[in-house]
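Everything on this sheet refers to the single structure shown next.
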Amino acid sequence: MNFNITVNDRQWQLVAHNLQQGMSPGPLLRIAGQVMRSSVVRTFREQGSPAGSWKPLAPSTLKRGRGGAGRQILIQSRRMENSVTDANQYVISGNTLIIGSNLRYARIQQEGGDAGRKGPFKKRNGHRSRIPARPYLVFRPEDPANIAGAIERYISSTAQGGM
C-alpha cells in the first residue's frame, strides 16, 4: 500500500514570516484568555474538573444558605464566577497571561483552608470552619487543544488578510 501526501505549506511559511517580523504575543494571549474564561464557566457549570469533583456543601452551609440541597457549589450569586470571566479580569504582561479573581474569598475557595479570622476572634468554642479546596482555575484536559485551535484559526485568518 502506498500513500502520497502533498502539503501546501505556503500559508504556514507566510505565518512564520509574520511571526519572525515581530507579531506581538498580545493577540495570541488574548485568545488564550478568552478560551480560559470559557473553560472557567464550564468548570463552574460542571461543579469541578472533572465534572462533579468539588466536595459537596456542608449541611451547616445548606442550612444557613439559600437554595437548599439542590444548590450548586460556589454559585449562589455568580459573583465569583463573574469575577474571573469578566473581560477585564485577566492581565497580559509581556509574554505572560494572568487569570484570576480580585475577590477576597476567591483564594480560599481555590485552595481550601480555615475560614474566618485567627486569634481571639474565633467562633464559639474556638471552632473555625474548614473550607475544602474547590479549584475553579484549572487547565481542563481539553484546554491546550482548544487554545491551539483558536490560535491556529487566528493565524490562518491573519495570513489570509482576514484580521
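In terms of numbering that gives the first Met the number 0, the sequence shown is residues 0 to 162.
Positions of the beta carbon are idealized from the N, C-alpha and C atoms, including for glycine.
Neighbour-count burial assignment, residue i, 16 or more Cβ in a 10 Å radius
| i | result |
| --- | --- |
| residue 102 | exposed |
| residue 114 | exposed |
| residue 138 | exposed |
| residue 42 | buried |
| residue 133 | buried |
| residue 144 | exposed |
| residue 30 | buried |
| residue 84 | buried |
| residue 97 | exposed |
| residue 48 | buried |
| residue 0 | Interpretation of residue 0 is limited by its pLDDT of 43, a score under 50 that renders its predicted location unreliable; no figure is taken from the coordinates. |
Three-state secondary structure assigned by DSSP to residue i
| i | result |
| --- | --- |
| residue 148 | helix |
| residue 78 | helix |
| residue 70 | coil |
| residue 142 | helix |
| residue 112 | strand |
Check whether residue i and residue j have beta carbons under 7 Å apart
| i | j | result |
| --- | --- | --- |
| residue 142 | residue 38 | yes |
| residue 108 | residue 136 | no |
| residue 56 | residue 72 | yes |
| residue 150 | residue 28 | no |
| residue 99 | residue 130 | no |
For residue i, the first and last residue of its enclosing beta strand (DSSP E)
| i | result |
| --- | --- |
| residue 137 | Looking at the DSSP string, residue 137 is not in any beta strand (DSSP E), and its letter there is neither H nor E. |
| residue 91 | 89 to 92 |
| residue 102 | No beta strand (DSSP E) holds residue 102; DSSP gives it neither H nor E. |
Residue from the options whose Cα sits closest to the Cα of residue i
| i | options | result |
| --- | --- | --- |
| residue 90 | 150, 33, 153 | 33 |
| residue 78 | 63, 96, 104, 92 | 104 |
| residue 45 | 152, 156, 80 | 80 |
| residue 106 | 94, 82, 147 | 82 |
Start-to-end residues for the alpha helix (DSSP H) that takes in residue i
| i | result |
| --- | --- |
| residue 61 | 58 to 63 |
| residue 31 | 24 to 44 |
Residue-level contact to chain B via CB, residue i, 7 Å cutoff
| i | result |
| --- | --- |
| residue 142 | You won't find chain B in this structure, because it holds only one protein chain. |
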